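These protein sequences, in sequence, are chains A, B and C. Terminal number for the first sequence in my numbering: 262, no gaps in between. Terminal number for the second sequence in my numbering: 1231, no gaps in between. Terminal number for the third sequence in my numbering: 2196, no gaps in between.
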Amino acid sequence: MNTQIAVKDKPRKNALVMFIHKLGSPPWFYGFTGKFIPWLWLIFAVLTVWGLYLGLVKAPADYLQGESFRIMYIHVPSAWMSMLIYSSMAVMGFIALVWRIRIVEVLAMSSAPIGAAFTLIALATGSLWGRPTWGTYWVWDARLTSELVLLFLYLGVMGLYSAIDEPRKAARAACLLALVGAVNLPIIHYSVKWWNTLHQGSSISLTGGSNIDASMLWPLLIMAIAVKFYYAANLLTRARIRLLEQDLRKGWVQNVVRERKI
Amino acid sequence: MNPEYTAGSLSDAFVALVRRDLLLAFRRRTELLFPVIFLLVVISLFPLGIGPSPQLLARIAPGVIWIAALLATVISLDALFRSDFEDGTLEQFVISGHPLTLIALAKIATHWLVAGLPIVLLSPLLALWMNLPLDSLSVMVVTLALGTPILSLIGSIGVGLTISLKRGGQLLSLLVFPLYVPILIIATAAVMAASDGLPYTQFLGLLIAGLITSVTLAPFAAAAALKISLS
Amino acid sequence: MLSASQISFERYFAPVFQPVSFELEAGRLLLVTGANGCGKTTLIRVLAGILHPSSGRLDNRARGMAYVGHYLAIKDDLSVVENLRFMRDFIGTSTRPVDEVIREVGLGRVAEQLARTLSAGQRKRCALARLLLSENELWLLDEPYSNLDQEGVERVDDMLRQHLEAGGGCILATHGAHRPSWRGTRDLYLVSGARA
């Protein structure tokens, strides 16, 4: 039998490959990301203020729903992010499992709470939006039900990660779970959508139909981009903290503390 | 890890494992009754909790029976890998050179025979208790026959991930129930369509597709989960 | 047949043992010793392929490998014969009849008894019997002498000697006083990775 296990290959001369390889080193990753996280927060803040101004103040009231439709500017980007983050968590999980890269494990695990938070926001805002539209705070419509199942998937990943003691083993298990969930996600999504039409007939669409006026669409797109910056900034911040915790006894952390670069 | 020439025939290993697991289940045959009793108890709670109105029971019968099947499966799943994990047999399987994927498949198959098949066989009685219309009884049995193996297959991934935890069973439900949602939806849709005299074969087709997909993919994921749990 | 170069394994971001390097050739016995908790079992499991090393290079060229560890892989609800027959059928490369193997480890009289009824020493013998079922070049043994009486210890040493004479290799971890006597023994003293 031939079983050969060796650690990382030597980096080739290609600049992009070298960059990616360097990112795999915790101290380098820590230093590099530290430089532009403040910019990410800044862009997020600017875009959010601008988007919310356009959406909450400038956009005209909806013909059907009046002022209450404005909650869409928080609900829809949150829902989009909840799914985007799960997909990116699954992709990172796959990379972490196959190549056993610790930083990718950390990024994947740090994504989970952010995604879960967005899912909660989507559920809460969806529920608030439903009150004026349906008369009750909760209706088992396709989208809310899907978001709820997504929340359970997130909680499962986070729960598994916290239940296993050894951190790398926990991360690997949770990454595998995220991957399995990602494969199932489209199936769950379609079956719930279809379950909804099966039992209730067509439900009221939260976005009020397919024709959206441009003045209503712009704020939505701006908010959609803004939350991505939020995700990036929050994710990198969490990942850096996690790396510090994990490498507490290693030299580079001592250096960071000593040079007050935290 | 062993080279091919010292590892014996894979089909022999598969058969040996199935026989051993069936023999072990037989030696503990009283324990096989626990999920069955659980199923009966849970179903009987519904008329007790909701009232025995035959029309009401008939309306909720497909969902109730299927949910009870889900619960019974999850309860029985822990036994799937626990014994082999705890006594070191699983490590021997990993070292043996036989692909862990097929070993997982063998164990899931015996698990279904021992824990899932009784659910299928018991379903006519459950249908009777829940006043399920007779014309949909055969569809109910078929959905369970197709669906319970899928439950075992997908559930095995969850078991593989939680097997190293002492209280893994509690977390297992959280992990596995969201993945069960599509099966629940499709299976109950089939039975309800049959009750209403509507076409239902497309739902059975979906279940068959689901079964084929799970048989090919789930054991691989379960094996990966087990390797992580062993580390 | 097996070469290890700077193998280490981490738990909780700290190495379990100091990096290990060695070469194992046919007919050689590598004796792994060290204080309690220094990671002998972890090292054996890494060498067996159950664990993936955190760093270093492991090259296992052995034609067949058998591992007897702390967990004996014996089913309580099966008899000795049934346990071994299953292993024989499962591994599929058995070279010796099960009855003969059972006699060789000294379990002839309890062969039909359920494993649950056996003493710790008898269970250990049953696990060790696995080694004899088929030809494996490499044996990985973790505390093979534990729970055995003097006669059991001698049997293990006999099995070991025959295996090594036939060209097999063995890595044996033990913290006990007993050392098998074999000319081709190399020592590996494992040091815990934990800092003081």
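From the three backbone atoms N, C-alpha and C, an ideal C-beta is built for every residue, glycine too. Please read these numbers as outputs of a predicted model, since none were measured by experiment.
*Can a CB atom of chain A be found closer than 8 Å to the CB of Ala1187/B?*
no
_I'd like the list of long-range same chain contacts for Pro1124/B, defined as Cβ closer than 8 Å, with 5 residues on each side in sequence excluded._
Correct list, in chain order: Leu1137, Val1141.
*If we cut at 8 Å on Cβ distances, does Lys169/A have a partner in chain B?*
yes
*Look at Phe2022/C and Leu2030/C and say whether their C-beta atoms are less than 8 Å apart.*
yes
*Touch test, the segment 1067–1076 of chain B against the segment 1141–1152 of chain B, Cβ-Cβ under 8 Å, three pairs minimum*: Yes, since at least three Cβ pairs between the segment 1067–1076 of chain B and the segment 1141–1152 of chain B fall closer than 8 Å, the two stretches touch.
*DSSP three-state assignment for Ile1186/B, whether helix, strand or coil*: helix
_Element boundaries [beta strand (DSSP E), containing Val2068/C]_ = Going by DSSP, Val2068/C is part of the beta strand (DSSP E) stretching over 2065–2068.
*Is the beta carbon of Pro186/A less than 8 Å from the beta carbon of Leu54/A?*
With contacts defined as CB atoms closer than 8 Å, Pro186/A and Leu54/A fail to qualify as a contacting pair.
*Just to confirm, are Gly2152/C and Arg2125/C a CB contact at a threshold of 8 Å?*
yes
*Would you please verify whether the beta carbon of Asp2089/C is less than 8 Å from any beta carbon of chain B?*
yes
_Rounded C-alpha distance that separates Arg70/A from Gly115/A_ = 22 Å
*asked:* Is there a Cβ of chain B sitting closer than 8 Å to that of Val98/A, yes or no?
replied: no
*Name, in chain order, the residues that DSSP records as bridge partners for Pro2015/C.*
Glu2010/C
_Between the segment 1013–1028 of chain B and the segment 1058–1067 of chain B, can you find at least three pairs of beta-carbon atoms closer than 8 Å?_
no
*asked:* Quick check on His2178/C: does DSSP put it in helix, strand or coil?
replied: coil
*From Arg2179/C, Glu2010/C, Phe2086/C, Ala2120/C, pick the residue whose C-alpha is nearest to that of Ser2134/C; which is it?*
Among Arg2179/C, Glu2010/C, Phe2086/C, Ala2120/C, the Cα nearest to that of Ser2134/C belongs to Phe2086/C.
_My output table needs one value for Asn196/A: the three-state DSSP class, helix, strand or coil._
It is helical.
*Kindly indicate which residue of Ile225/A, Tyr230/A, Ser146/A has the alpha-carbon position closest to the one of Trp194/A.*
Ser146/A
_What does the Cβ neighbour count give for Asp2142/C, buried or exposed, with the cut at 16 atoms within 10 Å?_
With 16 or more other Cβ atoms within 10 Å, it is buried.
*Report the rounded CA-to-CA distance for Asp1078/B versus Leu1174/B, giving the unit in angstroms.*
14 Å
*Decide yes or no for the touch test of the segment 2173–2193 of chain C against the segment 2097–2104 of chain C: beta carbon pairs closer than 8 Å, at least 3 of them.*
The segment 2173–2193 of chain C makes no contact with the segment 2097–2104 of chain C: fewer than 3 CB pairs, one atom from each, lie closer than 8 Å.
*Leaving out five residues on either side along the sequence, give the residues of the same chain with a beta carbon under 7 Å from the beta carbon of Gly208/A.*
Confidence is the limiting factor: at Gly208/A the pLDDT is only 48, short of 50, which leaves the residue's position unreliable, though a coordinate-based value still follows. Excluding sequence neighbours, Gly208/A sits near Asp62, Leu64, Gln65, Phe69.
_Any beta carbon from chain E within less than 8 Å of Asn184/A's own beta carbon?_
No chain E appears in this structure, whose protein chains are A, B and C.
*Thinking just about the alpha-carbon of each residue, which of Ile1043/B, Ala1224/B, Leu1230/B, Trp1129/B is nearest to the one in Ala1104/B?*
Nearest option by C-alpha distance: Ala1224/B.
*In or out: Trp39/A buried (at least 16 other Cβ within 10 Å) or exposed?*
exposed
*If we call anything under 8 Å between Cβ atoms a contact, is Ala108/A one with Cys175/A?*
yes
*Using the beta-carbon count (16 or more within 10 Å), is Thr125/A buried or exposed?*
buried
*Would you list the one or two residues that DSSP bridges to Asp165/A?*
None, per the DSSP bridge assignment.
*Of all Cβ atoms in chain B, is any one closer than 8 Å to the Cβ of Lys2075/C?*
yes
*May I have a chain-ordered list of the alpha helix (DSSP H) segments no shorter than 4 residues that lie completely inside the segment 131–180 of chain A?*
142–163
_Cβ contact check for the segment 1107–1124 of chain B and the segment 2114–2128 of chain C: 3 or more pairs under 8 Å_ = no
*Based on the DSSP secondary-structure assignment, which residues constitute the bridge partners of Leu2188/C?*
Val2032/C
_Supposed close pair Pro1219/B, Ala1115/B - CB separation, criterion 8 Å_ = No, Pro1219/B and Ala1115/B are not in contact; Cβ-Cβ is about 17 Å, not under 8 Å.
*Buried versus exposed call for Ala1162/B [16 or more other C-beta atoms within 10 Å across all chains shown]*: At residue 1162/B the sequence reads Thr, which differs from the Ala that was named. Thr1162/B is buried by the Cβ-count criterion.
*Taking only beta-carbon positions, decide if Gly156/A is within less than 8 Å of chain B.*
yes
*Do you know offhand how far Ile1108/B's Cα is from Trp129/A's?*
45 Å
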